[in-house]
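Novice: For the record, the sequence lines run as chains A and B. Take the first sequence: its position 30, counted from the start at 1, is 29 in numbering that gives the first Met the number 0, and no numbers get skipped. Take the second sequence: its position 151, counted from the start at 1, is 150 in numbering that gives the first Met the number 0, and no numbers get skipped. We put the beta carbon where it would ideally sit given N, CA and C, even for glycine.
There are 2 protein chains.
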Amino acid sequence: MLGNFSYCNPTKLYFGDDSLKFLKDELNNYGDNVLLVYGGGSIKKNGIYDEVVAILKAAGKNVAEVAGVMPNPTIHKLNEGVAIAKAHQTDLILAVGGGSVCDYCKALSVSVNYDGDPWQKYYINFEEPDCETLPVGCILTMAGTGSEMNAGSVITFPEKKLKIGHVFADEKIMPRFSILNPKYTLTLPHYQMVAGIYDIFNHICEQYFSDEDDSTTDYIAEGLMRSVIHSSRIANENPQDYEARSNIMWSATWALNTLLKKGKTTDWMVHMLGQAAGAVTDATHGMTLAAVSLPYYRHILPYGTAKFKRFAENVWNVNPDGKTDMQVAEEGLQAMESWMKELGLAMHLSELGAREDMLPDIANATLILNSGYKVLTKDEVMQILKESL
Amino acid sequence: MLGNFSYCNPTKLYFGDDSLKFLKDELNNYGDNVLLVYGGGSIKKNGIYDEVVAILKAAGKNVAEVAGVMPNPTIHKLNEGVAIAKAHQTDLILAVGGGSVCDYCKALSVSVNYDGDPWQKYYINFEEPDCETLPVGCILTMAGTGSEMNAGSVITFPEKKLKIGHVFADEKIMPRFSILNPKYTLTLPHYQMVAGIYDIFNHICEQYFSDEDDSTTDYIAEGLMRSVIHSSRIANENPQDYEARSNIMWSATWALNTLLKKGKTTDWMVHMLGQAAGAVTDATHGMTLAAVSLPYYRHILPYGTAKFKRFAENVWNVNPDGKTDMQVAEEGLQAMESWMKELGLAMHLSELGAREDMLPDIANATLILNSGYKVLTKDEVMQILKESL
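1) Run down chain E in chain order and give the residues with a C-beta less than 7 Å from the C-beta of T186/A.
2) With a cut-off of 7 Å, does the C-beta of I196/A fall near any C-beta of chain B?
3) Using the beta-carbon count (16 or more within 10 Å), is S146/B buried or exposed?
4) Within 10 angstroms of its Cβ, does P359/B collect 16 or more other Cβ (buried), or is it exposed?
5) Below 7 Å on C-beta distance, what does S250/B contact in chain A?
6) What are the partner residues of C137/B, as DSSP defines its beta bridges?
7) Which complete beta strand (DSSP E) runs does the segment 304-343 of chain A hold, if anything under 3 residues is left out?
8) Counting Cβ pairs, one atom from each stretch, are 3 or more of them under 8 Å apart for the segment 4-21 of chain A and the segment 174-181 of chain A?
9) Extract the residue ranges of the beta strand (DSSP E) inside the segment 235-299 of chain B, only unbroken runs of 3 or more that lie entirely within it.
10) Provide the residue span of the beta strand (DSSP E) that contains C7/A, from first to last.
11) The ligand MG and D17/A: does any heavy atom of the ligand fall closer than 6 Å to the residue's C-beta?
12) I need the DSSP call for G59/B, collapsed to helix, strand or coil.
13) Does the CB of I47/B have a neighbour CB from chain A at under 7 Å?
14) Would you tell me roughly how many angstroms separate the C-alpha atoms of Q88/A and V166/B, rounded to the nearest one?
15) Check whether the segment 185-192 of chain B touches the segment 152-163 of chain B, taking contact to mean three or more Cβ pairs, one atom from each stretch, closer than 8 Å.
16) Closest to P117/A by C-alpha separation, out of I154/A, Q333/A and T144/A, would be which residue?
17) Whose C-alpha, out of P319/B, S337/B, I172/B and Y207/B, is nearest the C-alpha of G129/B?
18) Taking any Cβ of chain B, which residues in the segment 5-18 of chain A have a Cβ under 8 Å from it, in chain order?
19) Measure the beta-carbon distance from I219/A to I219/B and round it to whole angstroms, keeping in mind my assumption that it falls under 8 Å.
20) Beta-carbon within less than 7 Å of G262/B's beta-carbon, same chain only, minus the 5 sequence neighbours each way: which residues are those?
21) Under 7 Å, Cβ to Cβ, is there at least one residue of chain B near G303/A?
22) For Y37/A, list the residues DSSP reports as bridge partners.
23) State buried or exposed for D102/A, treating a residue as buried only when at least 16 other CB atoms are found within 10 Å of its CB.
24) Starting from N387/A, trace the alpha helix (DSSP H) both ways and give me its first and last residue.
25) With 16 other CB atoms within 10 Å as the buried threshold, where does Y296/B fall?
26) Scan the segment 95-119 of chain A and note each continuous alpha helix (DSSP H) run of 4 residues or more that stays entirely inside, going in chain order.
27) Would you say A234/B and R244/B are within 7 Å of each other, going by their C-beta atoms?
28) Determine the direct distance from the alpha carbon of G80/A to that of L107/A, and round the result to whole angstroms.
29) Given a limit of 7 Å on CB to CB distance, which residues of the segment 144-174 of chain A reach chain B?
30) Rounded to the nearest angstrom, what separates P72/B and S99/B at their Cα positions?
31) Which of the residues in the segment 206-239 of chain A, read from start to end, lie with their CB under 9 Å from any CB of chain B?
32) Give me the Cα-Cα distance between H347/B and G143/B, rounded to the nearest whole angstrom.
33) Would you say S370/A lies against chain B (beta-carbon separation less than 7 Å)?
34) In terms of DSSP beta bridges, what is F156/B paired with?
35) Quick one: measure Cβ to Cβ for I247/A and I199/A, integer angstroms, because I've assumed they're closer than 8 Å.
36) Name, in chain order, the residues that DSSP records as bridge partners for T73/B.
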């Protein structure tokens, strides 16, 4: 049953190895004060920073900077950025980086003109902004989160061991434009590349493993999953394969730009478990998802067998002849496991710095959603985390 | 190879059996003068007209009307509408109908403030508008053309036997909003339903059968084709199945809202042949496409065998074991042929009123595109039309 919904995603995308040249035109749509936001400095090493700054200068922009946005951007870093953005009277926030930088910029967008505590308002109360928001543009340097074409923003409060995402309702909080150059992703370490690939794949899974219907949405999801599997195998062998990396980048955008949830319910428990592990260990997002996925999916398999069977057949080409539904479904998860190992993903939380004594903290930080094939109990969360260790 | 491109599709979609209730909110975004445009009057029989007019009146709008937009809207009807729209000082053009009405409204959008001949400018010279364009909103009553979320517009010049489509470059010419209520499609005659379904399927084919790469775009196309095949079989058995009809409606939108052509080349020769047949016979669009498709695809099969083999395996589940590529590819087309016959589509142009003596006219009206696996000669066009008769 394709339920009722609305869809609007106005983000303008420029895709390809020449896409940065369109930044100049986009800058004409905004005022003079640009806040340039980036991460740990890799864009200074690979030259992207210099290219972007040259374009900003040529356009006559006044540029202020927020540097050092961390992989799990903190509320403290957000507060620091709000002060800089205010002092600069920012007209456009320009994110140059991966999903973390882009998420951070959306958090800035809704916080600069808000006088209260953004953590409480947006990440605890999940309220929508009632202040004026600032436009965000994005130059993406890593494929994975889909943050370049959605209104989601994940922020971490390290002292509280909380990492919480808010998907804002207003499409104005989506980046107004995003520049997607697959070449920028070629210099990423293999570890970051495969973590991003699994993040993409899991975004699709989170929206796919819910409902048992025949919606068009799920057929699109299957196409995207097949594409990610295919291109990831090529990129794993040869990370410099531009075609594979470009397909991965494009899949990432469509995996989480709201299309795959239209007309259906979603799950998102792998992200809840993984984000909790990330808040406690500060491990790479995609790797935390990888480590908890199979224990979680095997746990919910009996409650959603029909969909896992369909996943096995339509995504992994499992031949169902002469097998029970459960056997077909389990073969699909085995195929997924082989692929994950082939990519070199983290298959255990212990590989990511987690120890048994941290599990209660991770379990406590896990938001249990009322979604998917089985709403977990606290005990089940702990059991899945133990199996993931 | 996923080539360079930009993507922007800001159309706001309201989908579902309650979607008309959002019209009220959308009307707030436009001035008081609304031009209501519709077709042959079926919306008066099924009550949609009364519902829409009541909402317009309650919102205090001044409404003028263009009624009687025909299935292949003519340039003469366009000129008539331009005069009405001008006299009404139109702020919003509201299409209530299928793709023809929506196409017509986009033609109005670019013509009302243009002083010259829109046929020459937009449909012969394929120029972009340099005048101010009017916003279009759409209430869709038939699934098929995808016109509800793109900037395409097909207009016919009957005396010249020409039916020509222009996909405008500016996303402002896309409908600003579209209301998609699958219930509105339930009252369509079976013939119109299956013609729409084939139109959808062929839109996907036109963008799929070009290039031989591994692009994400083609994987999404395969997912959409599988969904259309699945839901069409259910709707063919039971046209009142809301779930199937809703999936068909949603597939139609994504089949032709620009996503499936991103990063790749396209074909579109089936549409060129079918539109020429439509201009000469005035037959239903989707049926003309059905009648010419298999002769065309079998003709180009030797030039694109690898893609037709992939189509057979990924869309029609053809088992390739022990078969040549050509055999696998041909089995895919046979599966497609069986499905088309199952739906009751026109398999010959003669079923649509075409006679052998009309074929030279149809051939002359066929625009030969420099695209796809084989650029046709004039002789090949004639040969395919003979095989389609």
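Specialist: This is what the structure gives:
1) No chain E is present in this structure, whose protein chains are A and B.
2) Taking Cβ atoms only, chain B never reaches closer than 7 Å to I196/A, which makes this a no.
3) Flag for S146/B reads buried.
4) exposed
5) T215
6) Beta-bridge partners assigned by DSSP to C137/B: A94/B and S177/B.
7) none
8) yes
9) Counting only runs of 3 or more, we get nothing.
10) F4 to F14
11) Although the ligand MG was asked about, the structure shown includes no ligands whatsoever.
12) coil
13) I47/B does not count as touching chain A.
14) 40 Å
15) When C-beta atoms of the segment 185-192 of chain B are compared with those of the segment 152-163 of chain B, fewer than three pairs fall below 8 Å, so the two segments do not count as touching.
16) Nearest option by C-alpha distance: I154/A.
17) At residue 129/B the sequence reads Asp, which differs from the Gly that was named. Checked all of P319/B, S337/B, I172/B and Y207/B; the closest Cα to D129/B is I172/B.
18) S5, Y6, C7, N8, P9, T10, K11, L12, Y13, F14, G15, D16, D17 and S18
19) 6 Å
20) Cβ-Cβ distances below 7 Å link G262/B to L1, G2, F4, S214 and T216 in the same chain, with the five nearest sequence neighbours on each side left out; the list follows chain order.
21) G303/A does not count as touching chain B.
22) The bridge partners DSSP lists for Y37/A are V95/A.
23) By the 10 Å Cβ count, D102/A comes out buried.
24) It is worth fixing the name first, because residue 387/A is Ser in this sequence and not Asn. Per DSSP, the continuous alpha helix (DSSP H) segment holding S387/A begins and ends at K377 to S387.
25) buried
26) 98-110
27) yes
28) 7 Å
29) Near chain B, meaning a CB-to-CB distance below 7 Å, no residue of the segment 144-174 of chain A qualifies.
30) 6 Å
31) D212, D213, S214, T215, T216, D217, Y218, I219, A220, E221, G222, L223, M224, R225, S226, V227, H229, S230 and I233
32) 20 Å
33) no
34) L161/B
35) 7 Å
36) T155/B
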